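Novice:
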Amino acid sequence: MDFDSHLVALVDVAARLVNAHTGDWARGVEHTPPTSSEDRIAATATALAREGGRVPRVTRADAELLVSRAHDLRQVFVAAAANDLDTAASLLNPMLLATGARPQLDQREGAWQVHFHGADDSLAVGWAAGCATGLALALGSSWAGRLGTCEAERCDVVYLDTSKNGSRRFCSTSCQNRTKTAAYRARTTR
Ligand SMILES: [Zn+2]
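Using the numbering used here, read the sequence shown as starting at -10 and increasing by one per residue.
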């Protein structure tokens, strides 16, 4: 199955929500998920916009729902990264049901595309349904092994491995370099 760019975008947004709202460390630096309503709204809007995308208008209710979903989505990434697909599936199926995830044909730039909608067309329910569907389609395909959690010390970042050979172990080159340096130091100071 070809994991197309729309699905990559959904899993990327899922990872961004997880990384914004959960985790104690990011790339060796302490990470404190936002707690005030204003900060949660801003972090959610940034996660949904992706790199250079349009920043959506996020309400307080949208942000609260997606913060709670982010905690569930982290468990999916953690289980999948540990190759525990049974657990990942048992987390995703109730999420698909709860969000009312369903495919719908939408017209974009003159072509019909299959998008995933939720039980209602609110921003948060739509994205929760989309993220759960993206992860479900990844798990049920050859992309199952590409949901990752960074293996570096002091990093809780989750990611989708889009590399050619799918053997990424770190969220970033900074974590890869940090780990290499630490391993080198451990060898030379022994
Ligand atoms: Zn990392």
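Where is the CB? At the ideal position from N, CA and C, for every residue including glycine. Keep in mind that this is a model prediction, so the values were computed, not measured.
(1) Could you tell me the distance, in whole angstroms, from the CA atom of Arg31 to the CA atom of Thr24?
(2) Using DSSP bridges, identify the partner residues of Gln96.
(3) Out of Ala133, Val114, His104, which one is the CA nearest neighbour of His76?
(4) Under 7 Å, do Leu62 and Ala3 count as touching if we go by C-beta distance?
(5) If you follow the beta strand (DSSP E) that Gly146 is in, where does it begin and where does it stop?
(6) So the candidates are Gly99, Glu98, Gly115, Ala100; which of them puts its Cα closest to the Cα of His106?
(7) Find the nearest neighbour of Asn166 within the set Cys144, Ala9, Arg39, Ala117, judged by alpha-carbon distance.
(8) With DSSP run on the structure shown, which of helix, strand or coil describes Met(-10)?
(9) Please state whether DSSP places Trp14 in a helix, a strand or coil.
(10) For Phe66, is the beta carbon positioned less than 6 Å from some heavy atom of ligand 1?
(11) Take Asp95 and list the residues in its own chain whose beta-carbon comes closer than 7 Å to its own, dropping the five residues that flank it on each side.
(12) Anyone know if the C-beta pair for Gly119 and Val0 falls short of 7 Å?
Specialist: Short version:
(1) Along the sequence shown, one-based indexing puts residue 31 at 42. Along the sequence shown, one-based indexing puts residue 24 at 35. In the sequence under discussion, the amino acid at residue 31 is Ala, which differs from the Arg named in the question. If you take the alpha carbons of Ala31 and Thr24, they lie about 11 Å apart.
(2) For this step, residue 96 is matched to residue 107 along the sequence shown. Gln96 pairs with Trp101.
(3) As a first step, residue 76 must be located in the sequence shown, where it is residue number 87. Sequence check: residue 76 is Thr here, not His. Proximity to Thr76 across Ala133, Val114, His104 peaks at Ala133, based on C-alpha coordinates.
(4) Within the sequence shown, the letter at position 73 stands for residue 62. Within the sequence shown, the letter at position 14 stands for residue 3. Using a Cβ distance threshold of 7 Å, Leu62 and Ala3 count as a contacting pair.
(5) Locating residue 146 in the sequence shown gives position 157, counting from the first residue. One detail in the question is off: residue 146 reads as Val in this sequence, not Gly. Note, Val146: premise wrong, no beta strand (DSSP E); not H, not E.
(6) The sequence position of residue 106 within the sequence shown is 117, counting from 1. Comparing Cα-Cα distances from His106 to each of Gly99, Glu98, Gly115, Ala100, the minimum goes to Gly115.
(7) Your numbering for residue 166 matches position 177 in the sequence shown. If we check each option's Cα against that of Asn166, Cys144 comes out closest.
(8) On the sequence shown, position 1 is the one that residue -10 refers to. Per-residue confidence for Met(-10) stands at a pLDDT of 39, beneath the threshold of 50, marking its modelled position as unreliable; no derived number is given.
(9) On the sequence shown, position 25 is the one that residue 14 refers to. Reduced to three states, the DSSP call for Trp14 is strand.
(10) Reading the sequence shown from its first residue, position 77 is the one you call residue 66. Checking the Cβ of Phe66 against ligand 1 gives no.
(11) Within the sequence shown, numbered from 1, the residue matching residue 95 stands at position 106. Closer than 7 Å at the Cβ level, and outside the excluded window around Asp95, lie Gln102, His104.
(12) As a first step, residue 119 is located in the sequence shown; it is residue number 130 there, counting from the start. As a first step, residue 0 is located in the sequence shown; it is residue number 11 there, counting from the start. With respect to Val0, Gly119 sits apart: the two C-beta atoms are not nearer than 7 Å.
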